[in-house]
Structure formats: C-alpha cells, structure tokens
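My numbering applies: residue 1303 is where the sequence shown begins, and numbers increase by one. For glycine and all other residues, C-beta sits at the position ideal for the given N, C-alpha and C. In this text the structure is predicted, and so the values were computed from the model without any measurement.
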Amino acid sequence: GIHTSGAGADEAIPPVQLSPEPLLVPSPTDGEPQAAAAAAGDAVGSKLGDLADLSGVVGDVGAIVGSSIRDVELALIANSGYWSPVELCYKYMYFLHSTVELPWVGAVALGTLFIRAMLSPLNVEQMRMAERMSVAKPELDRLNAEAKAAVAEGADGMKYTAEMQKLWSKHGIHPGKTLLVNLINLPVMLLLPFSIINLPKLGLPSLSAESFLWMSDISVADPYYALPVTASALLFCAIHFNMSPEAMTPQMRQILPVFKILPIAFLPISCQLPAIFHVFALTSICFQTTQTLALKNQAVRKYLGFMPPSAAAAVPVRLGQVPTRPTQPLTPKRQQPVAEAQVEPIQTPPTAA
C-alpha cells in the first residue's frame, strides 16, 4: 500500500485496480486435483462468457451503424430532387444493393439485365411488326399511290382507307400495338442511363467506398479509360454486325453510317462519365448482342412467330410485280390477249379494226 504522512500516516491506502481481475487458478497442491481442475474450468468459462457478451455488444453497434447508413442513404435518395421515375429507379437499384446485399456493380448489372429481360417481349413484337411491314410495303406503296391519284382527281378516298385496313389485317400488322411498344420501351431505355449517370451525384457513402477491378472508387471516371474504350468498341461491333442492311428501309440504310460513327464521336465524352455507368453500358450491349444472335437462329425465330427466310425473301419479289398491274381484277383480262398472241395470224384483226 501507499503510506501518507500526517494523522493517517499509519493507515495504508488500498491499491487502485487498473486492470481486470486476474484469472486465479487454484494450485493442485493446495487441494485435490479434481477440485482444482473444476475451479479452473469455471474461471475460464466465466471469462469466455464475458467475451461473448462483449462480441454481442460489438455486433449490436455494427447493426446500428449499418442501419444508420441505410437511413442516411435513403434520405439522400428521397431528397435528391429528381423526377419521380428517376427516384424510383434509384430506389430499385438501392433495393438490390442493400436488401439483396449485392455490391453496386452487381446491383446495376443485375438490375439492367432484369429490366432488359422484361422488355424483351416488346422488342420481339416490334421486330415482328417491322418484318411484316417490310413484306407488305410494296402493296402499301401501291395502295397509297392509288389513293393519292384518286384524291387528286376528286374521288372519295375512304374506300382506300378500308382497303388499307384489310391489308394490315392480311399481314397481321397492328399500328396501334407498334406505337404502344415504343411508348413503353423508349422512356425506360432513356430513364436507365440518365439515372445511372447521375447516381454518383447523390453522394452515397457506400457507392464512393466501393472498388472494382483497378478502380478504388466506381463513382468517378476510369483513370485508364479502359471501360469507356471497351464499351465504345463493343457498341461499334454490335452496330456493324447486328444491324443487317437487307432488313432495313432505304432511309435506315442512309443513316447507318451515322450510327457507326456515334460510338467513336462520343468517346471523349464517355471517358468523363463515372465507371458505374460503363457497367450499365457493357451489360446492356452484351444483352442486346446475345438477343440479336439468338433471333438469327431459325428454331428460335419459328418459336417466336417470325416468318421463314424463304417466305420473307419470296414475298417481296412477288409483291414487287404488283405495280406493273394497276389493280388486281385486271390480271385475268390481260391473260387472254397473251394466250391469243401465241397464234401469229390472230394479231392482224385488232389492227384492222
């Protein structure tokens, strides 16, 4: 003990305990060996119980901190000030990140794949409509020309409208369905890239703290430009190999070189975009390329209701001969003179008349 001078000099101040109570294990020489071993086991068990209680406290603190971070990030999303569909897209991605416990890279990739898969039936229907429209185009052009000529002469063009609807029904064309597909597909495909480009602006701590490959922060641009260059190269190849000029209209063939130049022209801009956006771009390009390659398989095309290649190639050839005869009823009348023309003497009476 520590002694002090004065009135209480003879009394010793008890020592201050600065560390946890030491583990006292009775010596086997002080008593029976079994009792000493039991006492040692009880002491060790008591200390392990204390450590377990401490780990439970640490776990509770971790859960509280994680819950607080989620609350803060949800508040940042709710107060982002963006349009409601953009905010809904952020909540969708954050659900995959926090609830499904995916990293942000996985949340963006899986979320993109799921949305593209949900839109695949609409894309397939749009491609079927485009194929049927290309087959019916010669007849549609002929009917439009006749309608314009009739209206110019002062005739009623309503009967041509009825014939146009019959022609659409004949080829299975539904203009309203095509418009509905575009009204659903285009807004979603514009919403996704816009939302992911602006995702780092929310200031989410979990996003800026995540690393991917050689990047320590996926909310900033790739310092080596590897991701934007890869995405631009894949997009160029997808446009070059997947867009077949034979299946395009003349107007689309004229603007096809412009589409091929776009990935190269926008490369300096894409190099400044955050790395998380290129994860979305690469996922979307790979999905679109896989879908296009699958639709070139004849078994898949037959299952999805596309026309066989032989029928699609033969129908436009027959329809291309339609403009040579103004109307369908005139065909039988022209066959008779052709049959009579095989006999040479019969050609003179009409000229004499």
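Report task. Measure the Cβ-Cβ separation of VAL1255 and MET1395 and say whether it is below 9 Å. Result -> Beyond the ends of the chain as shown, which are 1303 and 1655, falls residue 1255; an answer cannot be given.
Query raised in the report: In whole angstroms, what is the alpha-carbon distance linking ALA1447 and ALA1454?
Result: When rounded, the separation of the alpha-carbon atoms in ALA1447 and ALA1454 is 11 Å.
Query - Buried or exposed by the 16-neighbour rule on C-beta atoms within 10 Å, applied to ILE1486 - result: Counting C-beta atoms within 10 angstroms of its own C-beta, ILE1486 has fewer than 16 neighbours from the protein chains shown and is therefore classed as exposed.
Query raised in the report: Counting pairs of Cβ atoms below 8 Å between the region 1419-1427 and the region 1386-1403, do you hit three or more?
Result: Judged by Cβ distances under 8 Å, the region 1419-1427 makes no contact with the region 1386-1403, as fewer than three pairs qualify.
Query - For PRO1576: DSSP bridge partner residues - result: Note: PRO1576 sits in a beta bridge opposite ALA1523.
Query raised in the report: From which residue to which residue does the alpha helix (DSSP H) around PHE1484 run?
Result: For clarity, residue 1484 is Asn in the given sequence; the question names Phe instead. Judged by DSSP secondary structure, ASN1484 falls within the alpha helix (DSSP H) whose first and last residues are 1477-1499.
Query raised in the report: What residues match up with MET1517 in a beta bridge as DSSP calls it?
Result: In DSSP, MET1517 forms a bridge with PHE1514.
Query raised in the report: Where do the N-terminal and C-terminal ends of the alpha helix (DSSP H) with TYR1394 fall, by residue?
Result: According to the DSSP assignment, TYR1394 belongs to the alpha helix (DSSP H) that extends over 1386-1400.
Report task. Could you have a look at GLU1403 and say whether DSSP puts it in helix, strand or coil? Result -> In the structure shown, GLU1403 sits in coil (DSSP, three-state: anything other than H, G, I, E or B).
Query - Where the alpha helix (DSSP H) through ASN1544 begins and ends - result: It spans 1528-1544 - the alpha helix (DSSP H) in which ASN1544 sits, taken as one unbroken run.
**Report entry** Segment contact flag, the region 1510-1524 with the region 1564-1578, C-beta cutoff 8 Å, min 3 pairs
**Finding:** Flag = yes, the region 1510-1524 and the region 1564-1578 touch.
**Report entry** ILE1571, buried or exposed, once every other Cβ within 10 Å from all chains shown has been counted against 16
**Finding:** It counts as exposed.
Query - Rounded straight-line distance, which links the Cα of ALA1452 to that of ALA1641 - result: For ALA1641, the predicted model reports a pLDDT of 45, less than 50, meaning its position is unreliable; a value from the coordinates is still stated below. Roughly 32 Å separates the two Cα atoms.
Query raised in the report: Looking at the unbroken alpha helix (DSSP H) that takes in MET1466, where does it start and where does it end?
Result: Per DSSP, MET1466 belongs to the alpha helix (DSSP H) from 1460-1473.
Report task. Would you kindly work out how many angstroms separate the C-alpha atoms of ALA1667 and LYS1439, rounded to a whole number? Result -> No answer is possible for residue 1667: it lies beyond the span of the chain, which begins at 1303 and ends at 1655.
**Report entry** Exposure label - TYR1526; buried when at least 16 CB within 10 Å
**Finding:** Exposed.
Requested in this report: With distances taken Cα to Cα, identify the nearest neighbour of LEU1415 among ALA1583, ASP1524, LEU1378.
Outcome: If you compare the alpha carbons of ALA1583, ASP1524, LEU1378 with that of LEU1415, the shortest gap goes to ALA1583.
Query - Spatially closest choice to MET1435 from PRO1405, THR1480, TYR1462, ASP1524, by CA coordinates - result: Of the candidates PRO1405, THR1480, TYR1462, ASP1524, the one whose C-alpha sits nearest the C-alpha of MET1435 is THR1480.
Query raised in the report: DSSP state of ASN1381, grouped into three classes?
Result: Under the three-state reduction of DSSP, ASN1381 is assigned to coil, being neither helix nor strand.
**Report entry** Distance, ALA1535 Cα to PHE1561 Cα
**Finding:** Answer to the nearest angstrom: the Cα atoms are 13 Å apart.
Report task. Tell me whether LYS1598 sits in a helix, a strand or coil according to DSSP, three-state version. Result -> For LYS1598, the secondary structure class from DSSP, reduced to helix, strand or coil, is coil.
Query - Alpha carbon of PRO1489 to alpha carbon of ILE1498, nearest angstrom - result: The straight-line gap from Cα to Cα measures roughly 14 Å.
**Report entry** Top-ranked residue by Cα proximity to CYS1573, from GLY1607, GLN1428, ILE1563, VAL1522
**Finding:** For the residues GLY1607, GLN1428, ILE1563, VAL1522, the minimum Cα distance to CYS1573 belongs to VAL1522.
Query raised in the report: By DSSP, does MET1420 sit in helix, in strand, or in coil?
Result: MET1420 carries a helical assignment under DSSP once its states are collapsed to helix, strand and coil.
**Report entry** C-beta contact flag for SER1386 and LEU1494 at 9 Å
**Finding:** Cβ distance not < 9 Å, so SER1386 and LEU1494 don't count as in contact.
Report task. Note down the Cα distance separating SER1471 from ASP1373, rounded to an integer number of angstroms. Result -> Computed Cα separation, rounded: 55 Å.
Query - Option nearest PHE1397 by Cα separation, candidates THR1591, GLY1413, SER1510 - result: Sorting THR1591, GLY1413, SER1510 by C-alpha distance to the C-alpha of PHE1397 places GLY1413 at the top.
Report task. Given a cut-off of 9 Å, decide if LEU1492 and PRO1502 are closer than it, judged by their beta-carbon atoms. Result -> No, the Cβ-Cβ distance between PRO1502 and LEU1492 is not below 9 Å.
Query raised in the report: Does DSSP put GLU1455 in a helix, in a strand, or in coil?
Result: Coil.
Report task. Please list, in chain order, all residues of the same chain as LEU1506 whose beta carbon is under 7 Å from its beta carbon, the five residues on each side excluded. Result -> Closer than 7 Å at Cβ, skipping near neighbours: GLU1375, LEU1378.
**Report entry** LEU1569, DSSP secondary structure in three states
**Finding:** If DSSP states are grouped into helix, strand and coil, LEU1569 belongs with the helices.
Query raised in the report: Exposed or buried, what is TYR1687 when buried is set at 16 or more other beta-carbons lying within 10 Å of its beta-carbon?
Result: Nothing about residue 1687 can be reported from this structure: the residues present for the chain run from 1303 to 1655 only.
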